[in-house]
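Notes to accompany the following structure.
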Amino acid sequence: AQSVTQLDSQVPVFEEAPVELRCNYSSSVSVYLFWYVQYPNQGLQLLLKYLSGSTLVKGINGFEAEFNKSQTSFHLRKPSVHISDTAEYFCAVSDPDTGRRALTFGSGTRLQVQP
Amino acid sequence: KAGVTQTPRYLIKTRGQQVTLSCSPISGHRSVSWYQQTPGQGLQFLFEYFSETQRNKGNFPGRFSGRQFSNSRSEMNVSTLELGDSALYLCASSLGTATDEQYFGPGTRLTVT
Numbered sequence: 078a079q080s081v082t083q084l085d086s087q088v089p090v091f092e093e094a095p096v097e098l099r100c101n102y103s104s105s106v107s108v109y110l111f112w113y114v115q116y117p118n119q120g121l122q123l124l125l126k127y128l129s130g131s132t133l134v135k136g137i138n139g140f141e142a143e144f145n146k147s148q149t150s151f152h153l154r155k156p157s158v159h160i161s162d163t164a165e166y167f168c169a170v171s172d173p174d175t176g177r178r179a180l181t182f183g184s185g186t187r188l189q190v191q192p
Numbered sequence: 040k041a042g043v044t045q046t047p048r049y050l051i052k053t054r055g056q057q058v059t060l061s062c063s064p065i066s067g068h069r070s071v072s073w074y075q076q077t078p079g080q081g082l083q084f085l086f087e088y089f090s091e092t093q094r095n096k097g098n099f100p101g102r103f104s105g106r107q108f109s110n111s112r113s114e115m116n117v118s119t120l121e122l123g124d125s126a127l128y129l130c131a132s133s134l135g136t137a138t139d140e141q142y143f144g145p146g147t148r149l150t151v152t
């Protein structure tokens, strides 16, 4: 079974500073990778996804992520954060070989942007 | 285009009772998945329905069940509630292929006392 590790439970950062949220997944022949954001009292919103092709994926709100197969990582980055980016971020994987749409999530990283 | 709606948004139940949660997917979406979110276990996949058939199932006891109607609306049922069932239950809808995006609803917050 797939597993996802988000190494940082909380990441405090100042406004306009860069940020990286780390995600590692258990190895598999192939995976689909996703980053979701959850604002307080809301559901999840997709930031970006990697299915195949270019390893650098650009998403909404200025976020991007890089798929690294050798390190089984899919870290999320933003060059300059805003107060409004304060939220919880979840990395997730699914297994394309089985056709399962079930997502396996990491434990989440709370991004706290300070003025 | 209306998003995924879940009703009710908040619910308080007593141990031993049963509960039914409802999810209306985005128009045209045929797949509905359910997830449980708790502080201790995080986000866990419950099950997925596609065209009224359960297509995938997570590792949850039989007390958790679901169904999907011909209009793609879905319900999940939890019988004999336990304190540990207190959670945010999220529903996600999609077209149903392995690559398309899952759109999440705001969730139903269930509290079991």
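Protein sequence lines, in the order shown, are assigned to chains H and C.
Under my numbering, the residues of the first sequence are numbered 78 to 192, in order.
Under my numbering, the residues of the second sequence are numbered 40 to 152, in order.
Ideal Cβ positions, reconstructed from N, Cα and C, are used throughout, including at glycine.
Given the structure is predicted, the values throughout are model-derived calculations rather than measurements.
Top-ranked residue by Cα proximity to residue i, from the options
| i | options | result |
| --- | --- | --- |
| residue 86/H | 191/H, 79/H, 93/H, 98/H | 98/H |
| residue 189/H | 80/H, 158/H, 129/H | 158/H |
| residue 165/H | 153/H, 180/H, 185/H | 185/H |
| residue 108/H | 144/H, 138/H, 120/H, 136/H | 144/H |
| residue 41/C | 65/C, 132/C, 70/C | 65/C |
| residue 92/C | 99/C, 79/C, 69/C | 69/C |
| residue 187/H | 174/H, 153/H, 171/H, 106/H | 153/H |
| residue 45/C | 151/C, 137/C, 132/C | 132/C |
| residue 99/C | 151/C, 118/C, 108/C | 118/C |
| residue 88/C | 109/C, 138/C, 59/C | 109/C |
| residue 67/C | 95/C, 85/C, 142/C, 116/C | 142/C |
| residue 49/C | 137/C, 129/C, 82/C, 85/C | 129/C |
Three-state secondary structure (DSSP) of residue i
| i | result |
| --- | --- |
| residue 51/C | strand |
| residue 63/C | strand |
| residue 110/C | coil |
| residue 122/C | helix |
| residue 139/H | helix |
| residue 129/H | coil |
| residue 107/H | coil |
| residue 161/H | helix |
| residue 171/H | strand |
| residue 135/C | coil |
| residue 89/H | strand |
| residue 152/C | coil |
| residue 146/H | coil |
| residue 152/H | strand |
| residue 80/C | coil |
| residue 104/C | strand |
| residue 130/C | strand |
| residue 96/H | strand |
| residue 142/C | strand |
| residue 87/C | strand |
Interface partners of residue i on chain C, CB under 9 Å
| i | result |
| --- | --- |
| residue 119/H | 143, 145, 146 |
| residue 80/H | Residues of chain C passing the Cβ test: none, with the nearest at roughly 11 Å. |
Within chain C, partners of residue i - CB distance below 7 Å
| i | result |
| --- | --- |
| residue 167/H | 82 |
| residue 185/H | 81 |
| residue 212/H | Within the shown structure, residues of chain H are numbered from 78 to 192, placing residue 212/H beyond reach of any answer. |
Chain-ordered neighbours of residue i on chain H, where CB pairs are closer than 9 Å
| i | result |
| --- | --- |
| residue 97/C | 179 |
| residue 158/C | The structure shown does not extend to residue 158/C, since chain C spans only 40 to 152, so no value can be given for it. |
Whole-number beta carbon distance between residue j and residue i, since they are thought to touch under 8 Å
| i | j | result |
| --- | --- | --- |
| residue 123/C | residue 179/H | Actually they do not touch by this definition, with Cβ atoms about 21 Å apart. |
| residue 62/C | residue 125/C | In fact, because the Cβ distance is near 19 Å, the residues do not count as touching under 8 Å. |
| residue 127/C | residue 148/C | 5 Å |
| residue 91/H | residue 127/H | Contact doesn't hold; Cβ gap of about 29 Å is too wide. |
| residue 145/C | residue 79/H | That belief does not hold up - the Cβ atoms of residue 145/C and residue 79/H are roughly 26 Å apart, past 8 Å. |
| residue 167/H | residue 115/H | 7 Å |
| residue 155/H | residue 95/H | 7 Å |
| residue 116/C | residue 77/C | Contact flag wrong, Cβ pair sits at about 18 Å. |
Within-8 Å CB hit, residue i to chain D
| i | result |
| --- | --- |
| residue 140/H | In the structure shown, chain D does not exist; the protein chains are H and C. |
Members of the segment 70 to 86 of chain C that neighbour chain H once the beta carbon cut-off is set at 7 Å = 70, 72, 81, 82, 84
request  = Anything in the segment 101 to 133 of chain C with a Cβ closer than 8 Å to a Cβ of chain H? List those residues in chain order, please.
outcome  = 129, 131, 133
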